[in-house]
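Just below is one structure, and these are the notes that go with it.
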Amino acid sequence: MIHIKGFSEEGNWYKGNLHSHTINSDGMFTPWEAVEEFKKNGYSFLCISDHNLYLDYREQLGEEDFLILPGVEAAAILYDDEDRCVKVHHMNGILGTAAMQESAPMKYQHMEEVGPFIYRGSWDGAGAAGNLASELHKRGCFVTYNHPIWSRVEAEEFILEDFEILEIFNYNTQNESETGYDTTYWDVMLRRGRHILADASDDNHNAGLFDDAFGGYIVVKADSLTHDSIARSILTGNYYSSSGPEIYDWGIKDGKAYITCSASERISFITDGFVGAGSTVLRKAKEDWLQEAVYPLTGNETYIRAECRDLYGKKAWTNPIYIEYQRR
């Protein structure tokens with residue numbers, strides 16, 4: 013019988029944001045202000061990922077109880093003949109584990125410019141995405157692909173390319189233009205056999221036009237609040253993403269997927285397999301809120317993931333568990 017834990021048994025939980033902007037590009041906070049604001053709101057780590065500029069503020073801003081992840085939001089941009097931006101690949105390159113850094117042929121330096129990579133008239137969208145991801149990987153970074161709905165890209169322009177994490181919730185673009193949710197592309201990738209993680213983020217600019225901070229984040233289970241421990245846990249999927257709810261435990265046991273979470277009005281299990289596979293458990297009227305659910309596996313799944321939604325419509329997402337059945 014399959015028994016898989018979605019999170020490690022040991023470790024502590026650390027809340028963080030992988031996508032943020034400061035006055036180094038188009039944000040309103042200084043890096044120092046950003047750190048102070050995220051600390052005040054219960055965060056333990058932050059990636060300052062300004063546009064086309066690699067930033068490493070570990071020495072200036074890192075503290076024992078607050079971790080800075082070096083990174084950049086790099087871009088490949090397609091302009092039409094009238095110089096209008098019609099499509100864009102935005103990817104965060106976030107400094108990876110010590111092993112990734114040691115094997116990298118080159119490294120970015122603090123305040124090093126990265127692109128943007130400009131295309132005009134037409135492009136090979138998949139090729140542009142692959143080239144951008146490769147540039148970031150060569151510097152020892154892992155890569156998140158950001159807000160594809162907002163970016164106006166088609167699925168085939170990015171879903172087969174080499175990145176580790178798909179941004180499935182972007183608080184900024186959701187409040188700006190209702191383009192922040194991207195789970196459909198995630199399931200397309202998973203159903204094609206891609207092993208891909210997901211994250212929720214702020215993409216905060218703090219311009220005051222609308223709320224774009226402290227609404228999308230990940231919560232990582234890690235041994236310690238150190239760069240290598242957090243990076244390893246992220247890359248192994250030992251975390252969940254959220255815009256509000258908490259997930260306490262999840263996994264597979266005795267032929268069933270299970271989850272426990274904070275008070276929710278619905279809990280969903282999303283999978284592949286045949287049409288109709290998966291399940292949603294709904295809170296019954298006037299009954300207590302849902303805090304757990306199970307889904308009996310059918311034997312046809314190759315992956316399963318779970319979502320929890322609270323009274324206010326805020327969600328939390330697990331990463332997928334991949335299933336290999338012993339076929340006879």
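Letter by letter, the sequence shown follows residues 13 to 340 in our numbering.
Beta carbons: idealized from backbone N, C-alpha and C, even for Gly.
Query, Result
"Quick check: Y69 and I60, are their CB atoms within less than 8 Å of each other?", "yes"
"With DSSP as the reference, label E168 as helix, strand or coil.", "helix"
"Excluding the 5 residues preceding and the 5 following S56 in the sequence, name in chain order all residues of the same chain whose CB lies nearer than 8 Å to its CB.", "Y26, K27, G28, D77, F78, L79 and L237"
"Could you pull the start and end residues of the beta strand (DSSP E) that R206 belongs to?", "Run containing R206: none; DSSP gives neither H nor E here."
"Around the C-beta of L209, are 16 or more other C-beta atoms found within 10 angstroms, so that it is buried, or is it exposed?", "buried"
"Does the Cβ of A328 have 16 or more other Cβ atoms within 10 Å, making it buried, or fewer, making it exposed?", "buried"
"Measure the Cβ-Cβ separation of G263 and G18 and say whether it is below 8 Å.", "yes"
"Considering only residues of the same chain and omitting the five flanking positions on each side of G137, which have a CB-CB separation below 8 Å?", "L90, K99, H101, V165, E166, E168, E169 and F170"
"Leaving out the 5 sequence neighbours to the left and right, which residues in its chain are closer than 8 Å to D174 when beta-carbon positions are compared?", "G142, A145, S146, H149 and V155"
"Are the beta-carbon atoms of A234 and G23 separated by less than 8 Å?", "yes"
"Could you check what DSSP says for P82 in three-state terms: helix, strand or coil?", "coil"
"For the beta strand (DSSP E) containing Q303, name the first residue and the last one.", "L302 to P308"
"Going by other Cβ atoms of all chains shown within 10 Å of its Cβ, with 16 needed for buried, is R317 buried or exposed?", "buried"
"When the Cα atoms are used, what is the spatial distance from S344 to E190?", "Within the shown structure, residues of the chain are numbered from 13 to 340, placing residue 344 beyond reach of any answer."
"Can we say the segment 302-320 touches the segment 266-286, given the rule of at least three CB pairs closer than 8 Å?", "yes"
"Give every residue of the same chain whose Cβ lies closer than 8 Å to the Cβ of G220, excluding the five residues on either side of it in the sequence, and list them in chain order.", "M40"
"Kindly indicate which residue of H33, K51 and E21 has the alpha-carbon position closest to the one of N184.", "H33"
"Say whether chain C places a C-beta atom closer than 8 Å to the C-beta of K51.", "Within the model displayed, chain C is absent; a lone protein chain is all it includes."
"Rounded to whole angstroms, what is the Cα-Cα separation between R339 and R244?", "Here the model assigns R339 a pLDDT of 45, short of 50, so the residue's position is not dependable, and the following value carries that caveat. The alpha-carbon atoms of R339 and R244 are separated by roughly 32 Å."
"For T42, I'd like the list of residues in its chain whose CB is within less than 7 Å of its CB, leaving aside the five on either flank, ordered along the chain.", "T34 and I35"
"Whose C-beta lies closer than 7 Å to the C-beta of Y334 among residues of the same chain, with five residues either side of it excluded?", "H207, T314 and Y315"
"Tell me whether V155 sits in a helix, a strand or coil according to DSSP, three-state version.", "strand"
"So which of P257, D215, H15 and A140 has the shortest CA-CA distance to V84?", "D215"
"Look at the alpha carbon of A212 and the alpha carbon of G228, and state the distance between them as a whole number of angstroms.", "5 Å"
"Can you tell me whether DSSP reads E319 as helix, strand or coil?", "strand"
"Drop a sphere of 10 angstroms on the beta-carbon of I246, count the other beta-carbons inside from all chains shown, and report buried for 16 or more, exposed for fewer.", "buried"
"Which class does I264 belong to by DSSP, given the choice of helix, strand or coil?", "strand"
"Cα separation between G205 and G74?", "38 Å"
"Apart from the five residues just before and just after I259, which ones in its own chain have a Cβ nearer than 7 Å to its Cβ?", "Y252, I271, C273, C320, A328 and T330"
"Give the secondary structure of W135 by DSSP, where H, G and I count as helix, E and B as strand, and everything else as coil.", "coil"
"So which of N64, G139, I177 and W198 has the shortest CA-CA distance to M123?", "N64"
"What is the DSSP secondary structure of G325, reduced to helix, strand or coil?", "coil"
"With C-beta atoms as the reference, is H159 less than 8 Å away from N182?", "yes"
"Assuming N187 contacts F226 under a Cβ cut-off of 8 Å, what Cβ separation, rounded to an integer in Å, is found between them?", "Going by Cβ atoms, the distance from N187 to F226 rounds to 12 Å, so no, they are not a contact pair."
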